[in-house]
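A short write-up of the structure that comes next.
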């Protein structure tokens, strides 16, 4: 194997695989990236056996072949090289020699045949999906997924197709048992998703990286990403790069029965004002529970906290409310996480009593809600 | 005690004390800041018993007094408050109540009489010193001080007055036993520094924070900081804020005898080029020793490294050199640290043989040198 590649193209490929490879894997080949050539360039692959990424980058190939070397070391080396052409050749015993201007690196590799095969996927299975909607759905749900290994069926986002009032709808839901976030997008379709699948958090975050944060380019809003389900994997393709995420096997809980339908005490609040208040009062919440007390009465909501070591805090917000008095406890961090992914100027905080979950919705925007379980006062 | 203070002034004071207070101190009062009032405002003090800081900030005081509360909690609270006036009053049992617009915080305190007294210093002892020179001397030496607790006499920078060719000179030297950095500034004077003192690293970093990084204001280059030695403390004062640093008791080693005087093999290098080469080759140095091999021969210097797990690296730099061949080992990290504090376009690398320390000097600039001990090849 022998090829020449511009530093910037190689660096882009190596940056792509860094978040997939495991730093301290017990299986050495999983720290490596697989490098394969074809006539047009090189393909880089990395996998942790659950999430995989694969991308093609232009290079001038003089001898085809494949090698596998440490993804981190190769990235560190290429990052420090001058903006110039890099020459890479395969040596004996799976070593490679990389040279660039006056630098020469000999890098130990592992037999590329040991590299685990990726799940198969066919180009025909891909369906287009709007990037902007996918990004928004991931951002608004993934934070609520559980990170506890024992609750493996909650370690991802439930992705499902359904029909709401005759409209085809795509739904994403995530919960860690203490809070939940749900978003619906009507007018979008997929196939074979009526039962729903659970996509792991890491895979979704890789897909979000794949489609970008949308910050830079206005025109990107019309772009499409290509999605498919194959061999128990969720697959996303964008601009020649493919991310594969192995679905979580297990039942997603019956989230719908958890969402209260009769929270009749509705309080409309400025999202910024509510966020600032929660940040302040949370400082005095105990570090474990982060419990805040919400007292609602005619025209005002008081938020308070106390911690044995440092003291207490209380803040009032004027609100339009005329119902009966209510006191209820919630985790301040969960409410802040939910407020952070909403974009409307105002939010609606929907409550019932001290034993019922609270709901937070962006005011005037259908299809998104965050639920927070109540805490004992 | 009762006063009103603008958020921005209070925040500036609380930010000032954050790096001094110990996060997990076994002595609770050391996590606190002492807050004292006078007719013009408030004085904030923090200490870890080795480094202390004290500053005055404008406030409208209606009742004088003093309190001591958690520096971290108070900072977190004030940081989240709106840009508005803060009202603070002392309550019973050393508690304070802080309010701002619609937020009220009750914060537990500790009897301020328990706060350790600061070392005494008198205004008359302060001597002016140019800020720019002090900043440069700290930056160019402090990185070489030891962080090993057992080598307490190397945990700081040696600060000394001497006479070089009839010129009064101020010197700073730091070493960790493996490398050393020395800087002389002629034409500057101090008093009672002939024997020299050892100022701890933490104290010097606080003084550097006190005088700023000089990035923003051109006119600051003429500013003066006021320094003194009193009660075994090095004291620096700038714009109403005082930093006190308890001197390290102990002998600073005889550094002068360690600096080789006969390194006749002199190689002039572009600082950027040398830095880039060392960064690249260091990637393949073993993570413990970071040893690089330097081979010098007619017209070229080769830098190489190797690690059992990942492979090896080698890079050549064209240099003007016509002496005998030489191979010597040095720690790449130490050379990079030294190059990072130099500012000239070129540096001179001075060597003798494989058993002699190497010297690095900014080309054409007197008074600064970095020494690196050789490593076995």
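Residue numbers (our numbering), protein chains in the order written: chain A, 1 to 377; chain B, 378 to 754.
Every residue, glycine too, gets a C-beta built ideally from N, C-alpha and C.
Own chain, CB closer than 7 Å to residue i, minus 5 neighbours either side, in chain order
| i | result |
| --- | --- |
| residue 63(A) | 1 and 2 |
| residue 128(A) | 224 and 226 |
| residue 130(A) | 224 |
| residue 313(A) | 280, 281, 283, 284, 304 and 305 |
| residue 529(B) | 625 and 627 |
Of the listed residues the options, nearest to residue i (C-alpha basis)
| i | options | result |
| --- | --- | --- |
| residue 265(A) | 278(A), 290(A) and 319(A) | 319(A) |
| residue 164(A) | 75(A), 375(A), 242(A) and 367(A) | 367(A) |
| residue 229(A) | 349(A), 103(A), 15(A) and 196(A) | 196(A) |
| residue 435(B) | 385(B), 442(B) and 466(B) | 385(B) |
| residue 187(A) | 170(A), 350(A) and 150(A) | 170(A) |
| residue 620(B) | 413(B), 417(B) and 429(B) | 429(B) |
| residue 501(B) | 388(B), 713(B), 662(B) and 612(B) | 612(B) |
| residue 714(B) | 466(B), 648(B) and 544(B) | 648(B) |
| residue 419(A) | 174(A), 212(A) and 346(A) | Since the first and last residues shown for chain A are 1 and 377, residue 419(A) lies out of range. |
| residue 617(B) | 631(B), 383(B), 588(B) and 636(B) | 588(B) |
| residue 760(B) | 575(B), 381(B) and 557(B) | Coverage of chain B is limited to positions 378 through 754, which leaves residue 760(B) absent and any answer about it impossible. |
| residue 258(A) | 293(A), 189(A) and 181(A) | 181(A) |
| residue 17(A) | 75(A), 25(A) and 40(A) | 75(A) |
Other residues of its chain near residue i: CB distance less than 6 Å, five sequence neighbours each side excluded
| i | result |
| --- | --- |
| residue 107(A) | 69 and 96 |
| residue 725(B) | 643, 645, 738 and 740 |
| residue 693(B) | 677 and 679 |
| residue 523(B) | 531, 532 and 553 |
| residue 562(B) | 510 and 547 |
Cβ separation of residue i and residue j, assumed to be a contact under 8 Å, to the nearest whole Å
| i | j | result |
| --- | --- | --- |
| residue 454(B) | residue 475(B) | 7 Å |
| residue 750(B) | residue 555(B) | 5 Å |
| residue 492(B) | residue 411(B) | 4 Å |
| residue 444(B) | residue 489(B) | 6 Å |
| residue 739(B) | residue 719(B) | 4 Å |
| residue 423(B) | residue 448(B) | 6 Å |
| residue 291(A) | residue 331(A) | 6 Å |
| residue 103(A) | residue 134(A) | Actually they are not in contact, since the Cβ atoms of residue 103(A) and residue 134(A) sit about 41 Å apart, beyond 8 Å. |
| residue 514(B) | residue 560(B) | 5 Å |
| residue 608(B) | residue 496(B) | 4 Å |
8 Å Cβ shell around residue i - same chain, five flanking residues per side excluded
| i | result |
| --- | --- |
| residue 770(B) | Nothing about residue 770(B) can be read from this structure; chain B reaches only from 378 to 754. |
| residue 22(A) | 30, 31 and 48 |
| residue 13(A) | 42, 44, 55 and 57 |
9 Å Cβ cutoff, residue i in contact with chain B
| i | result |
| --- | --- |
| residue 221(A) | Any reading at residue 221(A) is ruled out, since the residue's pLDDT is 47, under 50, leaving its predicted position unreliable. |
| residue 24(A) | no |
| residue 284(A) | yes |
| residue 270(A) | no |
| residue 289(A) | no |
| residue 13(A) | no |
| residue 106(A) | yes |
| residue 310(A) | yes |
| residue 70(A) | yes |
| residue 76(A) | yes |
| residue 92(A) | no |
| residue 315(A) | yes |
Residue-level contact to chain A via CB, residue i, 9 Å cutoff
| i | result |
| --- | --- |
| residue 620(B) | no |
| residue 732(B) | no |
| residue 502(B) | no |
| residue 411(B) | no |
| residue 430(B) | no |
| residue 489(B) | no |
| residue 505(B) | no |
| residue 480(B) | yes |
| residue 458(B) | yes |
| residue 653(B) | yes |
| residue 438(B) | no |
| residue 725(B) | no |
| residue 657(B) | yes |
| residue 585(B) | no |
| residue 450(B) | yes |
| residue 382(B) | no |
(request) Could you say if the stretch 698 to 709 of chain B and the stretch 729 to 738 of chain B meet the contact criterion of at least three C-beta pairs nearer than 8 Å? (result) Result yes; three or more Cβ-Cβ pairs closer than 8 Å.
(request) Taking 8 Å as the threshold, find out whether the stretch 661 to 680 of chain B comes into contact with the stretch 624 to 635 of chain B through three or more Cβ pairs. (result) no
(request) Tell me, please, whether the stretch 252 to 265 of chain A touches the stretch 276 to 289 of chain A by the rule of three or more beta-carbon pairs shorter than 8 Å. (result) no
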